[in-house]
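For reference, the structure discussed in these notes is given below.
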Amino acid sequence: MSPKTLTGLAVLSLLVPAALSAQTGTIRYERSVTRDLTQAAAFMRPQRDGADAPPAGRKGGRSAGGQAGGAAQGGPTMQRYSELTVTFDGTAVLTRIAPMEIEQRQDRPGASDAPQHARALAGGGGDVALVHRIAQAMPTQEEHSVWVDPMAGRYVRGVEFLTRDFRIEGDVPALRWRFLGEESDYLGYVVQKAEAEHEGRVIEAWFTVEIPGFVAPDVFTGLPGVVLMVSIDRGETLIQATEVDLETPIEALAPPTEGESISPEDFEALVEEKTQEFRQQVQTRVRRIGGGG
1 MSPKTLTGLA VLSLLVPAAL SAQTGTIRYE RSVTRDLTQA AAFMRPQRDG ADAPPAGRKG
61 GRSAGGQAGG AAQGGPTMQR YSELTVTFDG TAVLTRIAPM EIEQRQDRPG ASDAPQHARA
121 LAGGGGDVAL VHRIAQAMPT QEEHSVWVDP MAGRYVRGVE FLTRDFRIEG DVPALRWRFL
181 GEESDYLGYV VQKAEAEHEG RVIEAWFTVE IPGFVAPDVF TGLPGVVLMV SIDRGETLIQ
241 ATEVDLETPI EALAPPTEGE SISPEDFEAL VEEKTQEFRQ QVQTRVRRIG GGG
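Under our numbering, residues 1 to 293 are what the sequence shown spells out, in order.
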């Protein structure tokens, strides 16, 4: 069946039941993120008048899900895994994020020349192991919670960056979902597919209206019912529900209160500043190791 966009009364028939009787509960997800090592390799190259400055990501340095920019096709990558616990009280949704013990590095399937590619990215003669070490040492944001008010369109994100805790407050990205005529089964629920584009990235979501409300992991809100799976850029970031609990009572959810309050724009500027400082430190070390000036 060819997918088609649902509009008008079809969409309204999905939205009304979800809004009338919101459910409470907890859903657990697993998230995998494929990190591109291109930016790490770029730190080893000399910077010429800012032309080679590594991007902080796509617009704003992040996708809607808070992840850094996409992986280069065929390039060396690193995968990171985390567990998301999403709790919803009928009004707000709180996503708690915890790293999983499993962490592996791997080259994208079919990229047998990934080590050579990493060396080329490093400017020739670079060490792919060094690129991996740089990627691990780069200043990264460790998110630990995201509180969302779907109806008000606001979020509060708790982040640790360079051992400092921050509380980022802003508007939920306005995702313009297209309802596609695709259905499947997931965890015993009938799910439907929707798609949106945000800051140059393609976001696919499978949601079920069998659980009323507006519930989604992180800030992927705006769909009726509950989002059980999210894929960004064809699986670069993949979030999959593993367990649904609608029986355990849920107390009212409050946004994160710890950390320094900061706007998304100011936090982005801070990350960019520290990333550039890190780049300078790496290039100084590379010159010393290589005996360059």
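Think of the CB as a built atom: it goes at the ideal place given N, C-alpha and C, for glycine as much as any other residue.
It should be emphasised that the depicted structure is a prediction, and the values quoted were computed from it without experimental measurement.
To which residues of the same chain is residue i closer than 7 Å at the C-beta, ignoring the five residues directly before and after it?
{"i": "residue 194", "result": "177, 178, 179, 180, 205, 207, 223"}
{"i": "residue 99", "result": "82"}
{"i": "residue 155", "result": "146, 147, 148, 170, 172, 219"}
Is residue i helix, strand or coil when you go by DSSP?
{"i": "residue 269", "result": "helix"}
{"i": "residue 249", "result": "coil"}
{"i": "residue 277", "result": "helix"}
{"i": "residue 99", "result": "strand"}
{"i": "residue 91", "result": "coil"}
{"i": "residue 23", "result": "coil"}
{"i": "residue 257", "result": "coil"}
{"i": "residue 295", "result": "The shown model of the chain, from 1 to 293, leaves out residue 295, and the question about it has no answer."}
{"i": "residue 283", "result": "helix"}
{"i": "residue 118", "result": "Bear in mind that the predicted position of residue 118 carries a pLDDT of just 37, short of 50, making it too unreliable to give a figure here."}
{"i": "residue 111", "result": "Note on residue 111: pLDDT 38, under 50, position unreliable in the model; the coordinate value appears next. Here residue 111 sits in coil by DSSP."}
Let's see if you can read the secondary structure: which residues bound the beta strand (DSSP E) around residue i?
{"i": "residue 219", "result": "No beta strand (DSSP E) holds residue 219; DSSP gives it neither H nor E."}
{"i": "residue 170", "result": "164 to 171"}
{"i": "residue 151", "result": "Counting along the chain, residue 151 falls outside any beta strand (DSSP E), and DSSP gives it neither H nor E."}
{"i": "residue 177", "result": "Unbroken run through residue 177: none, as it is neither H nor E."}
{"i": "residue 194", "result": "189 to 198"}
{"i": "residue 223", "result": "Premise fails: residue 223 is in no beta strand (DSSP E) and is neither H nor E."}
Output needed for residue i: all residues of its chain with C-beta closer than 6 Å, excluding positions within five of it in sequence on either side, in chain order.
{"i": "residue 90", "result": "22, 24"}
{"i": "residue 258", "result": "165"}
{"i": "residue 239", "result": "29, 31, 217, 230"}
{"i": "residue 196", "result": "175, 176, 177, 203"}
{"i": "residue 93", "result": "148, 215"}
{"i": "residue 84", "result": "29, 31, 95, 97, 217"}
{"i": "residue 245", "result": "25, 26"}
{"i": "residue 157", "result": "146, 168"}
{"i": "residue 150", "result": "214, 221"}
Once you ignore the five residues that flank residue i on each side, which residues in its own chain have a CB closer than 8 Å to its CB?
{"i": "residue 260", "result": "164, 165, 166, 167"}
{"i": "residue 80", "result": "32, 33, 35, 99, 103"}
{"i": "residue 248", "result": "25, 26"}
{"i": "residue 186", "result": "206, 208, 228, 229, 241"}
{"i": "residue 253", "result": "87, 88, 89, 91, 92, 93, 94, 147"}
{"i": "residue 191", "result": "183, 184, 185, 206, 207, 208, 228, 229"}
So, residue i versus residue j, is the Cβ gap smaller than 8 Å?
{"i": "residue 95", "j": "residue 145", "result": "yes"}
{"i": "residue 242", "j": "residue 30", "result": "yes"}
{"i": "residue 210", "j": "residue 225", "result": "yes"}
{"i": "residue 159", "j": "residue 142", "result": "yes"}
Within 8 Å (strictly less), CB to CB, does residue i reach chain B?
{"i": "residue 34", "result": "The structure shown contains no chain B; it holds only a single protein chain."}
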